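Protein chains in written order, with my numbering: chain C, 9 to 232; chain X, 9 to 232.
No residue lacks a Cβ here, since even glycine has one placed at the ideal position from N, Cα and C.
Given the structure is predicted, the values throughout are model-derived calculations rather than measurements.
See structure below.
Below, the structure is given as structure tokens:
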């Protein structure tokens, strides 16, 4: 594999190929090596993943968003993405590191992947780096979606109660304020057993229901 | 102060003012509050500051870049920036938090500032958020510049040796390879006392000298 093949895999072609070369240079090889780019890429990755999670999971609290992000952005996950790209074959090592199998070490692979993202950020700006992150992490995000995270609170609450053969929640609007074009709703969610009552607010009946359901679900089944 | 004044201060006008309102809503007040935006803004801020430091301090190692970033992006520094903007006056609190002086609490101010940056990121994209970060942190970056961080390695090394009345370093090109338009230089830096010899490489004589000086300076005066 050469760097052209790699660029095709990640869907980004460098205007300044020397940035990619630097990102793929381990400190054991020569200067300039990839450690400063890794510093940059680490925060680029973190920011891009935060943005993805924020928009993809509108019902998750900040605590759960942090937890999901930590599961996506860690050395092991990054090393696996890097392995999928065969990144280890492209990293340039000095003699000692080469003999000791540096190209298979997870920390080195994860660092090199971050450095590549830092290089894309410098070369093409944040939106391009974000696009590559979206491509690379799509399969991992897909796995998350198949779990509970992608579902809205009303669905989660209903499934939870059904699986335990408990009565389903009742939602009732208990207050509406504001004028027609900017109304504000208060909805109560009542679960008979276990006895739980929550109140959600929102600018639509639906959003107030979802908020009430979220509170009820979190009380039954704390994610935090 | 109203939010228009605030927008003028930070140099950004929202397309969707409801995002600013959410960023300025403490969880004690009502939903939607600012905690999810704070999650997002924290990583936007971190990324923007990393990019600023990366380009502003081309000679700093990644370890020192991390250290400088931690000095800029922490609760106290953020709270001071927020105080300078009188952000506390705009945050909406619930009754209890209001009475207990929430608008002066550093953690609440820092969180609200991060949430504002998250809101700008959603409203106008990363480059706009980065611009606001650059504006808000310019004075803090200026302070850093007046220290040793802004100086290049040759200057730092020379000042260090002079302050100890030691002989100045000698630089000598020991190898030049490559063709005229892409030459590669190896420069040796020799300090007689304490006996230090380092070799720097680069695509220009100047950059190779700076690299050799950086290594010598780090050996004399480890920042890491």
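#### Entry: Against chain C: residues of the stretch 133-155 of chain X by CB proximity under 8 Å
Correct list: 133, 134, 135 and 138.
### Straight-line Cα distance separating residue 173 of chain X from residue 159 of chain X
Counting only the Cα atoms, residue 173 of chain X lies some 20 Å from residue 159 of chain X.
### Query
Mind checking whether residue 61 of chain C and residue 44 of chain C have CB atoms under 9 Å apart?
Not in contact: residue 61 of chain C and residue 44 of chain C (Cβ atoms no closer than 9 Å).
### Task
Would you kindly work out how many angstroms separate the C-alpha atoms of residue 104 of chain C and residue 72 of chain X, rounded to a whole number?
Their backbone Cα atoms lie some 26 Å apart in a straight line.
### Message
Give me, in chain order, the residues of the same chain whose beta-carbon lies closer than 7 Å to that of residue 95 of chain C; leave out the 5 immediate sequence neighbours on both sides.
### Response
The beta carbon of residue 95 of chain C is closer than 7 Å to those of 117, 120 and 121 in its chain, skipping five residues each way along the sequence.
### Task
Scan the stretch 93-134 of chain C and note each continuous alpha helix (DSSP H) run of 4 residues or more that stays entirely inside, going in chain order.
Runs found: 103-107 and 114-132.
### Task
Quickly, what does DSSP pair residue 192 of chain X with across the bridge? List them, please.
As a beta-bridge residue in DSSP terms, residue 192 of chain X pairs with X:185.
### Task
Rounded to whole angstroms, what's the CA-CA distance from residue 32 of chain C to residue 92 of chain C? Just pull it up for me.
Cα to Cα, residue 32 of chain C sits roughly 16 Å from residue 92 of chain C.
### Query
Any idea what DSSP makes of residue 198 of chain C, helix, strand or coil?
Of the three classes helix, strand and coil, the one that applies to residue 198 of chain C here is strand, per DSSP.
### Limits of the unbroken beta strand (DSSP E) element including residue 206 of chain C
In the DSSP assignment, residue 206 of chain C falls within the unbroken beta strand (DSSP E) covering 204-210.
### Query
Would you say residue 129 of chain X faces chain C, with C-beta separation under 9 Å as the test?
By this cut-off, residue 129 of chain X is an interface position.
### Message
Is it the case that the stretch 124-138 of chain X contacts the stretch 45-58 of chain X, given that we only count it when at least three CB pairs across the two stretches are under 8 Å?
### Response
Judged by pairs of C-beta atoms under 8 Å, the stretch 45-58 of chain X touches the stretch 124-138 of chain X, as three or more such pairs exist.
### Query
Mind checking if residue 232 of chain C is an interface residue toward chain X, Cβ cutoff 9 Å exclusive?
For residue 232 of chain C, the pLDDT reaches just 35, beneath the cut-off of 50, and the residue's location in the model is therefore unreliable, although a value from the coordinates is still provided. Residue 232 of chain C does not count as touching chain X.
### Task
Could you tell me whether the Cβ of residue 206 of chain C comes closer than 9 Å to any Cβ of chain X?
Residue contact with chain X for residue 206 of chain C: absent (no Cβ-Cβ distance below 9 Å to any residue of chain X).
### Query
DSSP state of residue 33 of chain C, grouped into three classes?
Three-state result, residue 33 of chain C: strand.
### Query
Are the C-beta of residue 11 of chain C and some C-beta of chain X separated by less than 9 Å?
No, no contact with chain X.
### Query
Cβ of residue 108 of chain X less than 9 Å from any chain C Cβ?
No - not a single Cβ of chain C is within 9 Å of the one on residue 108 of chain X.
### Query
Less than 9 Å separating the beta-carbons of residue 89 of chain X and residue 145 of chain X?
Yes, these two residues count as a Cβ contact at 9 Å.
#### Entry: Through-space distance from residue 98 of chain X to residue 11 of chain X, alpha-carbon basis
The straight-line gap from Cα to Cα measures roughly 7 Å.
### Message
If contact is defined by three or more beta carbon pairs under 8 Å, each pair taking one atom from either stretch, is the stretch 168-182 of chain C in contact with the stretch 195-212 of chain C?
### Response
Three or more pairs of CB atoms, one per stretch, sit closer than 8 Å, so the stretch 195-212 of chain C contacts the stretch 168-182 of chain C.
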